[in-house]
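Chemist: Pasting a structure below so you can have a look.
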Amino acid sequence: MKIPLSFIAGAALAVLAPAGCDPIAEPELCGEIPPGGCPVGRGGSCDDAACRALYDCVDGAWTEVARCDRPGGPAPDAGAGGGDVGAGGGEGGGCEAVTLDHGGEAQGCTPALQLPDCPAEAAETCADAACRTGCIDFFLCTEEGWRGVAYCDDQGRVAVIP
Numbered sequence: 040m041k042i043p044l045s046f047i048a049g050a051a052l053a054v055l056a057p058a059g060c061d062p063i064a065e066p067e068l069c070g071e072i073p074p075g076g077c078p079v080g081r082g083g084s085c086d087d088a089a090c091r092a093l094y095d096c097v098d099g100a101w102t103e104v105a106r107c108d109r110p111g112g113p114a115p116d117a118g119a120g121g122g123d124v125g126a127g128g129g130e131g132g133g134c135e136a137v138t139l140d141h142g143g144e145a146q147g148c149t150p151a152l153q154l155p156d157c158p159a160e161a162a163e164t165c166a167d168a169a170c171r172t173g174c175i176d177f178f179l180c181t182e183e184g185w186r187g188v189a190y191c192d193d194q195g196r197v198a199v200i201p
């Protein structure tokens with residue numbers, strides 16, 4: 040009995056192909072963002088009046104990275120001392136906020152930024168969280184065009200360009 044070579048090759052491929060594939064980890068989705076929240080990884084910023092806070096999807100859960108305080112708006116849920124969101128850390132998911140100089144800021148820069156380049160607002164969250172969004176470099180739109188204002192350092196923290 041003679042078995043065709045193509046049949047043997049096909050059978051071998053069918054048996055060995057699944058063994059050569061590594062399973063691909065499914066991304067952990069965060070689901071619906073909390074009310075009033077905007078996702079920092081999708082360009083959310085406190086310039087948007089609908090955003091009361093910025094959130095980052097970390098390990099399948101939404102983590103607040105910044106509050107969007109508005110002059111004349113309701114006071115944030117800060118402690119008796121007030122101040123920056125979570126300054127100094129703590130149980131409340133606090134963070135060290137990043138502040139950038141927006142001097143000379145303009146609107147309408149082209150071409151649009153694409154990951155890993157992000158607008159400056161994406162860096163103005165927690166110093167530890169901004170670099171987990173897929174952003175590496177942060178730019179400010181000026182009259183001359185895009186200007187680099189910050190980047191993610193080797194430790195995964197935002198470093199401000201002087």
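Taking this note's numbering, the leading residue of the sequence shown gets 40, the next gets one more, and so forth.
Idealized CB from N, CA, C, for every residue including glycine.
Since this is a predicted model, take the numbers as computed values, not measurements.
1) If you compare alpha carbons, which of Arg-91, Glu-135, Gly-142, Phe-177 is closest to Pro-158?
2) Return the first residue and the last residue of the beta strand (DSSP E) that Ala-202 is part of.
3) Is Ala-189 helix, strand or coil by DSSP?
4) For Asp-86 versus Glu-160, is the C-beta spacing smaller than 8 angstroms?
5) Taking the beta strand (DSSP E) that Val-197 falls in, what are its first and last residues?
6) Give the DSSP-derived three-state secondary structure of Glu-160 in the structure shown.
7) If I measure Cβ to Cβ from Arg-171 and keep anything under 8 angstroms in the same chain, skipping five residues before and after, which residues do I get?
8) Using a Cβ distance threshold of 8 angstroms, determine whether the segment 186-195 contacts the segment 134-149, with at least three qualifying pairs required.
9) Please classify Val-79: does DSSP put it in a helix, a strand, or coil?
10) Can you name the start and end residues of the beta strand (DSSP E) that Leu-68 belongs to?
11) Under a Cβ-count criterion, where at least 16 other Cβ atoms within 10 Å of its own Cβ denotes burial, should Thr-164 be classed as buried or exposed?
Modeler: Looking at the atomic coordinates:
1) Comparing Cα positions, the closest option is Phe-177.
2) As shown, the chain starts at 40 and ends at 201. That puts residue 202 outside it, with no answer to give.
3) strand
4) yes
5) 197-199
6) helix
7) Asp-95, Val-97, Gly-195
8) yes
9) It is helical.
10) That residue, Leu-68, is in no beta strand (DSSP E); it is neither H nor E in DSSP.
11) buried
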